[in-house]
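A.B. asks:
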DNA sequence: TCTGGGGTCCTAGGACCC
DNA sequence: TCTGGGGTCCTAGGACCC
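Numbering (this note's numbering), first residue to last: 548 to 978.
1) With a Cβ-Cβ cutoff of 8 angstroms, do residue 708 and residue 670 count as a contact?
2) Please classify residue 733 as buried or exposed, where buried requires at least 16 other C-beta atoms within 10 Å of its C-beta.
3) In this structure, how does DSSP classify residue 600 when only helix, strand and coil are distinguished?
4) Here's the rule I'm using: 16 or more other beta-carbon atoms within 10 Å means buried, otherwise exposed. How should residue 975 be labelled?
5) Starting from residue 881 and walking both ways along the alpha helix (DSSP H), at which residues does that stretch end?
6) Relative to the C-alpha of residue 738, which residue among 929, 748, 852 is closest?
7) Taking only the alpha-carbon atoms, compute the straight-line gap between residue 802 and residue 855 and give it to the nearest angstrom.
8) Return the chain-ordered ranges of every beta strand (DSSP E) run that is complete within the region 763 to 802 and spans a minimum of 3 residues.
9) Check whether the Cβ atoms of residue 525 and residue 824 sit closer than 8 angstroms, and answer yes or no.
10) Check each candidate in 617, 596, 632 and name the one with the smallest Cα separation from residue 963.
11) Assign residue 679 to one of three DSSP states: helix, strand, or coil.
12) Please go through the same chain and pick out, in chain order, the residues whose beta-carbon is closer than 7 angstroms to the beta-carbon of residue 563, but skip the five residues on each side of it.
13) Going by alpha carbons, who is nearest to residue 887 out of 871, 863, 592?
14) How about residue 567 and residue 718: are their beta carbons less than 8 angstroms apart?
15) Report the residue from 641, 639, 920 whose alpha carbon sits nearest the alpha carbon of residue 881.
16) Among residues of its own chain, excluding the 5 on either side of residue 970, which ones have a beta-carbon nearer than 8 angstroms to its beta-carbon?
17) Under a three-way DSSP split, which group does residue 976 fall into?
18) Roughly how many whole angstroms lie between the Cα atoms of residue 804 and residue 948?
19) Counting only the same chain and skipping the five closest in sequence on each side, list residues whose C-beta sits under 6 angstroms from that of residue 869.
20) Three or more C-beta pairs closer than 8 angstroms, one from the region 903 to 917 and one from the region 835 to 842: is that the case here?
21) What's the C-alpha gap between residue 821 and residue 582?
22) Considering only C-alpha positions, which residue in the set 758, 752, 787, 753 is nearest to residue 768?
23) Less than 6 angstroms between C-beta atoms, sequence neighbours within five positions excluded: which residues of the same chain meet that for residue 729?
24) Mapping the DSSP letters down to three states, classify residue 933 as helix, strand or coil.
25) Any idea which residues DSSP pairs residue 845 with across the strands?
26) According to DSSP, simplified to helix, strand and coil, what is residue 633?
27) Would you report the Cα separation of residue 638 and residue 774, rounded to the nearest angstrom?
28) Run through DSSP, which three-state label would residue 661 get?
29) Ignore the nearest five residues each way along the sequence and tell me which others in residue 684's own chain have a CB closer than 7 angstroms to its CB.
30) Sort out for me which residues DSSP pairs residue 850 with in a bridge.
31) If I'm right that residue 796 touches residue 649 with Cβ under 8 angstroms, what's the distance once you round it to whole angstroms?
32) Quick check: what's the CA-CA separation for residue 877 versus residue 848?
33) Contact defined as beta carbons within less than 8 angstroms: I believe residue 606 pairs with residue 588. What is the distance between those atoms, to the nearest angstrom?
34) Considering only their Cβ atoms, is the gap separating residue 808 from residue 595 smaller than 8 angstroms?
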């Protein structure tokens with residue numbers, strides 16, 4: 548019996564070679580592109596609100612700086628080792644990410660953008676790249692973008708992930724894993740396997756499986772499926788060299804769009820909370836419009852600080868729109884009553900969010916007979932606002948409901964002095 | 001004082017139908 | 001007293017990713 552019938556999954560129709568191109572310490576590398584004097588110096592990049600450390604240069608890793616450490620706990624250690632910290636600048640990173648991906652597309656059309664700092668490329672057997680070719684690809688990306696990358700080539704995506712990890716430790720930044728190499732897979736701890744998270748890793752260790760080679764060798768496929776679902780079984784097959792995950796070049800349609808963020812300081816009154824929600828709605832609906840999507844439902848939520856030693860409170864509300872919408876002004880009418888239904892006085896709120904669900908594009912909209920929203924007029928106005936904000940910076944023009952002061956806004960004290968995108972750079976120059 | 005944000009996929013179980 | 005069986009749809013929760 549074949550795998551498809553037995554376990555309900557398909558083996559990749561396109562047999563060949565997968566190369567994972569992985570940007571090294573991506574956010575740190577981006578900061579260096581705009582400030583070359585940081586080269587070979589230890590640096591870290593912080594999460595929103597300068598909360599914790601989410602990227603480290605090799606030098607910082609060597610100094611023992613851990614991933615995800617809260618910044619306030621590490622401040623003195625960073626100072627002691629003269630490690631420079633940066634607030635994250637996602638517009639800048641997105642821009643550089645795009646340039647890396649475009650460079651890869653000059654090498655092959657078979658590119659899957661897997662994340663902001665990773666891409667898979669596919670090569671049929673007869674076009675399998677040599678190690679020398681991989682080195683040239685790598686050189687091109689570095690020369691054209693300034694971002695250093697590692698490239699791992701293997702017969703499956705999961706093995707390409709392993710190969711890229713090996714590549715990262717090599718001087719030439721490239722590695723080819725010809726086949727599932729028993730000795731090499733023994734060096735890969737279960738936690739480091741792509742698709743195995745903390746929970747599954749603990750479960751595997753408990754039964755005496757400590758490395759990728761042992762995982763691949765588990766004898767009973769039905770048992771693996773029962774314990775780790777079909778996803779885990781796929782991982783095992785991929786480790787065995789049987790490709791189950793193909794290249795996905797088309798960006799999948801989004802199922803939800805979300806905007807959520809912690810405040811720099813807690814909100815304790817309704818007026819500020821209202822302004823915060825309208826600001827978040829502005830950002831979330833802008834995201835929706837920029838992707839050409841419409842939502843049929845909207846969820847909002849708020850919560851207090853889950854780390855603080857004070858009573859925890861969280862609440863949420865959902866609304867279905869009569870007609871799928873991307874219209875900030877229409878949504879605004881729903882927002883206030885929703886907020887009133889979940890807001891309770893007397894708490895110190897730390898984080899809120901807005902989630903759009905049940906998305907469709909323009910052709911999927913079902914009109915409503917009794918619709919009385921001036922959609923065309925609102926759309927035209929929002930279009931102008933979006934263009935102004937993209938040129939002159941977010942929230943340059945916005946509804947009055949967003950408030951003026953916004954003291955709760957995200958902290959970004961360590962932002963590098965770089966215009967976040969080209970158009971804004973032009974504005975800065977023109978001043 | 002300060003602890004990220006934004007996604008996807010799979011499964012089990014309940015509701016409901018005939 | 002007897003307490004079907006099979007199908008679909010939806011949701012919550014758990015797992016994972018960067």
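Note that beta-carbon positions come from the ideal geometry of N, C-alpha and C, so glycine has one too. Bear in mind that the values here come from a model prediction, so they are computed numbers and not experimental data.
C.D. replies: Taking the definition as stated:
1) no
2) When all chains shown are included, residue 733 counts as exposed.
3) strand
4) Its pLDDT being 42, under 50, residue 975 is placed unreliably in this model, and the value from its coordinates should be taken loosely. Classification for residue 975: exposed.
5) 875 to 889
6) It is 748 whose Cα lies nearest to the Cα of residue 738.
7) 33 angstroms
8) none
9) This structure cannot settle anything about residue 525, because the visible part of the chain is limited to 548 through 978.
10) 632
11) helix
12) 669, 670, 671, 672
13) 863
14) Contact flag unset, no.
15) 920
16) Confidence at residue 970 is low in this model, with a pLDDT of 47, below 50, so its placement is unreliable and the value that follows should be read with caution. Cβ neighbours of residue 970 beyond the five flanking positions: 937, 938.
17) With a pLDDT of 40 at residue 976, under the threshold of 50, the modelled position of this residue cannot be trusted, and the question is left open.
18) Between residue 804 and residue 948, the C-alpha separation is close to 22 angstroms.
19) Within the same chain, and ignoring the five residues on either side of residue 869 in sequence, the residues whose Cβ sits closer than 6 angstroms to its Cβ are 915.
20) A contact exists between the region 903 to 917 and the region 835 to 842.
21) 39 angstroms
22) 787
23) 760
24) helix
25) 866, 903
26) strand
27) 40 angstroms
28) strand
29) Hits under 7 angstroms: 654, 698.
30) 861, 898
31) Contact between residue 796 and residue 649 is absent: CB atoms are separated by about 14 angstroms, not below the 8 angstroms threshold.
32) Computed Cα separation, rounded: 19 angstroms.
33) 6 angstroms
34) yes
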